[in-house]
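If you're matching positions, the sequence shown starts at -17 in our numbering and goes up one per residue. The structure under discussion appears below in the form of C-alpha cells.
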Amino acid sequence: MYTVFQPKQIIIGENSLKKLGESAKKRKITNLLVVIDHFLTLSPLDYDDKIKEILKQEHIDVTFFSDYRGEPSLQHLRAALTIANKETITGIAAVGGGSAIDIAKAAALFYKNPQMDWDAIPKQESLDRLPLIAVPTTAGTGSEATKVMVITDTEKGIKMNPGHSDLIPDTAILDSALTSSLPKNFTAYTGIDALTHAIEAFVSTKANIATDQYALTAIQIAGRSLPVVYQDGMNMKAREEMLLASSYAGIAFSNASTNLAHAAGRALGARFHIPHGLSVAILLPLVMRFGLQASPERYAQIAVALGADASKDVYELAEQSIEIIENYCDEFQIWKDALKYIHLKELENNIDLLAQDALEGNGILTNRIVPTKSDIRKLFLDLIEKLKKKKVIKQV
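What follows is the structure, given as C-alpha cells:
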C-alpha cells in the first residue's frame, strides 16, 4: 500500500496568474500576503501592480513581502510573519522561485503555530496552517508541489528541511509567462534540477507505481523541452512544458525522495556558494554511474524516456542514460560554469568535510546503493578529475 500527496489544484497555461484572485476567493481568502521576489516588482515587470489589479476584481486586500535575498532564513520568516500579523492576513501566496515558496510555506504554518518546534513538524498527524497558493517563476524546484520546505538558521549554520503533507500548497499556478525572463544559464540549472528530481525519484528505494509515472513523464517532457527552451527562451510551449515537468518531478520526489546527487549537491553548494541546480547537475552523471549496477533496468527506462531507441540492450541503454545527461552538461555549459565557482585545489582540500556533510543529508538511505563516506569521497575525487579534463579542453 502507498499514498501519494500532491496539490489539490494545478492551473496551467500562459497568463494563468490571472486566476490568482479566483483561487484565493475559492480558499475564502480576504486579505492575502504575497511573498514575491523583489525583481518581479521592478519595471518593466511590475508584477505587484498586476497582482493588485487581479485581486481587486475579487475584492481581496493584498500586502507584499519581498525583503529577502538568497536562500530563505529564519530572519526572512520572522520579517514575513511580522507583516502578516500586523495586517491580520487570511492567506498566503508565493510568486517567485523556491525561496519565495519556502518562506510562504513556513509563514502559513507558523502564523497559526507560533510556538511549534521545527523538529516536531514531521511528527504531527495534521498541521493547521493558512490557505496557501504557489506561483513558481522557475521550472526547477518543484516546491509548489512538494511537502518539504528549507529554511536556514544562519546563527547555527544549519538548514532545516522538515516535510509534512500539509505543507503542500493548496493551489499551484503554472504560468509560462512568468518564466520567460529567466536567463539562459538559470534555465539550464533549474531544468536539470527538475530532471534530477525525477531521475532520483525513479531510482529511489521508496519509488512506487504512482511516483514512477510522474517521474517518467517528467523525464520525457524535460528531455524534449529543455534543449528547446535553452536555445529559445521565448518558446512559451516549451516553457509551459518545463513548468509541468518540474511540478510532476516535485510530486515524484516529494513522495519518493531524492538521493545522493542532492545530498552531495547540497553539501557542495553550501561550501562553494554554487547555485543549487548547477551543483546537482555536475554530480548527477557521476551519481548515476555509482548506482548503475544496482538497477540497470531503471536506468534503461530513463534513457528511453529521454529519447533513446527502446530496442537496444538494457545495459547499453543504461549506459546511454548517463551519456545523454553528460551531453546536456556539455550543451548547457554546465562544466564551464562550474569552474567559475570551484577552485579545484580547494575542492580537493575539503573532500572529507563535503563527504561528511553529504552523508548527513537527506536521501542517503533511499539510494539503491547506500553510500559510505569512502564512496562519497570517491564521488568528489571523480568530480575533480572530470573538471580538470574540462578545464584543459577549455584552455585548448
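Virtual Cβ for every residue (Gly too), placed ideally from N, Cα, C.
For residue i, count neighbouring C-beta atoms within 10 Å of its own C-beta (all shown protein chains included) and say buried if the count is 16 or more, exposed if not.
i: Leu24; result: exposed
i: Gly3; result: buried
i: Tyr93; result: buried
i: Leu347; result: exposed
i: Pro165; result: exposed
i: Thr153; result: buried
i: Asp19; result: buried
i: Pro(-11); result: buried
i: Phe47; result: buried
i: Ala212; result: Going by the sequence as given, residue 212 is Tyr instead of Ala. Label assigned to Tyr212: buried.
i: Ile430; result: With the chain represented from -17 up to 378, any question about residue 430 goes unanswered, as that position is not in the structure.
i: Ile191; result: exposed
i: Gln202; result: buried
i: Glu301; result: buried
i: Gln394; result: Nothing can be reported for residue 394, as the shown portion of the chain is limited to -17 through 378.
i: Ser(-2); result: buried
i: Arg51; result: exposed
i: Val388; result: Coverage of the chain is limited to positions -17 through 378, which leaves residue 388 absent and any answer about it impossible.
i: Leu335; result: exposed
When the Cα atoms are used, what is the spatial distance from residue i to residue j?
i: Pro267; j: Asn67; result: 46 angstroms
i: Asp84; j: Ser108; result: 19 angstroms
i: Glu182; j: Thr128; result: 15 angstroms
i: His41; j: Tyr297; result: 59 angstroms
i: Leu242; j: Asp135; result: 23 angstroms
i: Val378; j: Ala227; result: With a pLDDT of only 46 at Val378, under 50, the local geometry of the prediction cannot be trusted, and no value is derived from it.
i: Lys138; j: Thr72; result: 32 angstroms
i: Ser207; j: Leu361; result: 29 angstroms
i: Leu363; j: Asn332; result: 11 angstroms
i: Gly79; j: Ser261; result: 17 angstroms
i: Gly350; j: Ala176; result: One point to set straight first is that residue 350 is Arg, not Gly, in the sequence displayed. Each residue's alpha carbon lies about 20 angstroms from the other.
i: Lys32; j: Ile115; result: 17 angstroms
i: Ser81; j: Ser293; result: 42 angstroms
i: Thr169; j: Thr120; result: 8 angstroms
i: Glu308; j: Lys372; result: 12 angstroms
i: Pro257; j: Gly251; result: 6 angstroms
i: Lys105; j: Asp312; result: 43 angstroms
i: Tyr281; j: Leu37; result: 46 angstroms
i: Gly247; j: Glu53; result: 15 angstroms
i: Gln97; j: Leu91; result: 11 angstroms
i: Asp382; j: Leu59; result: The chain is shown from -17 up to 378; residue 382 falls before or after that span and cannot be answered.
Strictly by DSSP, which residues pair up with residue i?
i: Thr134; result: Ser55 and Lys141
i: Val77; result: Ile18 and Val117
Grab the span of the alpha helix (DSSP H) containing residue i for me, first residue to last.
i: Asp214; result: Here Asp214 belongs to no alpha helix (DSSP H), and DSSP marks it neither H nor E.
i: Pro278; result: Pro278 to Ala287
i: Phe254; result: Leu242 to Phe254
i: Ile(-7); result: It is not in any alpha helix (DSSP H) - Ile(-7) instead sits in the beta strand (DSSP E) that spans Gln(-9) to Ile(-6).
i: Tyr310; result: Val296 to Glu313
i: Ile36; result: Tyr29 to Lys38
i: Ile454; result: Only positions -17 to 378 of the chain appear in this structure, which leaves residue 454 out of reach.
i: Leu2; result: Leu2 to Lys8
Which residue marks the beginning of the beta strand (DSSP E) containing residue i, and which one marks its end?
i: Val269; result: Segment His258 to Gly273 is the alpha helix (DSSP H) holding Val269; no beta strand (DSSP E) there.
i: Asn13; result: Asn13 to Ile18
i: Leu114; result: Leu114 to Pro118
i: Cys43; result: First, the amino acid is wrong: residue 43 is Asp here, not Cys. Segment Asp43 to Phe47, the beta strand (DSSP E) holding Asp43.
i: Ile333; result: Per DSSP, Ile333 belongs to no beta strand (DSSP E); it is in the alpha helix (DSSP H), Ile333 to Leu341.
Is residue i close to chain C, meaning its C-beta is less than 8 angstroms from at least one C-beta of that chain?
i: Gly247; result: The structure shown contains no chain C, having only a single protein chain.
What are the complete alpha helix (DSSP H) segments, minimum 4 residues, inside the stretch 152 to 225?
Complete alpha helix (DSSP H) runs here, min 4: 166 to 185 and 191 to 213.
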